[in-house]
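Heads up: the sequence lines are chains A and B, in that order. For reference, each letter of the first sequence is one residue, going 1 to 112 in our numbering. For reference, each letter of the second sequence is one residue, going 1001 to 1112 in our numbering. Below: the structure, in structure tokens.
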Amino acid sequence: KAGVTQTPRYLIKTRGQQVTLSCSPISGHRSVSWYQQTPGQGLQFLFEYFSETQRNKGNFPGRFSGRQFSNSRSEMNVSTLELGDSALYLCASSFDSNNEQFFGPGTRLTVL
Amino acid sequence: GEDVEQSLFLSVREGDSSVINCTYTDSSSTYLYWYKQEPGAGLQLLTYIFSNMDMKQDQRLTVLLNKKDKHLSLRIADTQTGDSAIYFCAESGNNAGNMLTFGGGTRLMVKP
């Protein structure tokens, strides 16, 4: 069974631009969660989608948004990029609530 | 809010046992996880324990949970150089769906 895949793996953007990251969960998994990892703040929860609905949301500004498609693939979007948005963005999939979560390799975003 | 704390660094010799500790504050945590992250990679789920368990063993890994003290530990027996990585503990509250709160990570260095 293929693991969680994230595209692209690396991305360089400039301040003010917007970016869209993609995550394909493990086949059969319905929940997709997104996390931001930075050296200063560590791993922080962004949001979780389940059956195309946002089920949980972390404490991030409205510039961070996401969605999930009927095939469970998910995208997250960050608008008006700031230097502080430079981070590793990790996506995790699981079958349902409180099940094992499997992480993808992440997308490393650099904002210049 | 919920908080998860870990020591920053642990150094051991190859063949010794490693013990990585974690404390958490959320008394409603139902699942506690240990993840491993190697340089440039995503998070690999090592093991997890339900909050109604005291111990779980999986090959070289032993997880101990003291729910009264909200203390979780991961013991790695016969530590190898390939175990060098950052280890994260994480907890999911009872009503948090798949939202995980992570500790800051413990960097394990294994000396040959």
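Glycine is no exception: its CB is placed at the ideal position from the N, C-alpha and C atoms.
Cβ atoms of residue j and residue i: under 9 Å apart, would you say?
i, j, result
"GLY66 of chain A", "SER74 of chain A", "yes"
"SER1017 of chain B", "THR1106 of chain B", "no"
"SER31 of chain A", "GLY1097 of chain B", "yes"
"ALA2 of chain A", "SER33 of chain A", "no"
"GLN36 of chain A", "PHE60 of chain A", "yes"
"LEU43 of chain A", "LEU109 of chain A", "no"
"TYR49 of chain A", "GLN68 of chain A", "yes"
"ASN56 of chain A", "PHE64 of chain A", "no"
"GLY40 of chain A", "MET1099 of chain B", "no"
"LEU1064 of chain B", "ILE1076 of chain B", "no"
Quick check: is the beta carbon of residue i nearer than 9 Å to any beta carbon in chain B?
i, result
"GLY28 of chain A", "no"
"GLY106 of chain A", "yes"
"GLU100 of chain A", "yes"
"ARG67 of chain A", "no"
"VAL111 of chain A", "no"
"ARG73 of chain A", "no"
"PHE45 of chain A", "yes"
"PHE50 of chain A", "yes"
"LEU83 of chain A", "no"
"ASN77 of chain A", "no"
"LEU90 of chain A", "yes"
"PHE64 of chain A", "no"
"VAL4 of chain A", "yes"
"PHE60 of chain A", "no"
Closest Cβ-Cβ distance between residue i and chain A: below 9 Å?
i, result
"MET1099 of chain B", "yes"
"PHE1088 of chain B", "yes"
"TYR1033 of chain B", "yes"
"PHE1102 of chain B", "yes"
"GLY1105 of chain B", "yes"
List the endpoints of the continuous beta strand (DSSP E) containing residue i.
i, result
"MET1099 of chain B", "Looking at the DSSP string, MET1099 of chain B is not in any beta strand (DSSP E), and its letter there is neither H nor E."
"GLY3 of chain A", "It is not in any beta strand (DSSP E) - GLY3 of chain A carries neither H nor E in the DSSP assignment."
"LEU81 of chain A", "No beta strand (DSSP E) holds LEU81 of chain A; DSSP gives it neither H nor E."
"LEU46 of chain A", "42 to 50"
"THR110 of chain A", "107 to 111"
"THR53 of chain A", "53 to 57"
"ILE12 of chain A", "10 to 13"
"PHE64 of chain A", "64 to 68"
"ARG1107 of chain B", "1106 to 1111"
"PHE60 of chain A", "From DSSP, PHE60 of chain A is part of no beta strand (DSSP E); its letter is neither H nor E."
"GLU100 of chain A", "No beta strand (DSSP E) holds GLU100 of chain A; DSSP gives it neither H nor E."
Flag residue i as yes when its Cβ comes closer than 8 Å to any non-hydrogen atom of the ligand HEM, and as no otherwise.
i, result
"PHE47 of chain A", "Ligands in the displayed structure: none, and consequently the ligand HEM is not present."
Residue ranges of each beta strand (DSSP E) within the region 1017 to 1095 of chain B, 3 or longer: 1018 to 1024, 1029 to 1037, 1043 to 1050, 1055 to 1058, 1061 to 1066, 1071 to 1076 and 1085 to 1093
Given 8 Å, three or more beta-carbon pairs between the region 1071 to 1088 of chain B and the region 1032 to 1040 of chain B: yes
Interfacial residues, the region 1036 to 1055 of chain B to chain E, with Cβ spacing under 7 Å: Checking the listed chains, one finds no chain E in this structure; the protein chains it contains are A and B.
Sufficient close CB pairs (3 or more, under 8 Å) joining the region 1038 to 1050 of chain B to the region 99 to 111 of chain A: yes
At least three beta-carbon pairs within less than 8 Å, the region 76 to 85 of chain A to the region 5 to 19 of chain A: yes
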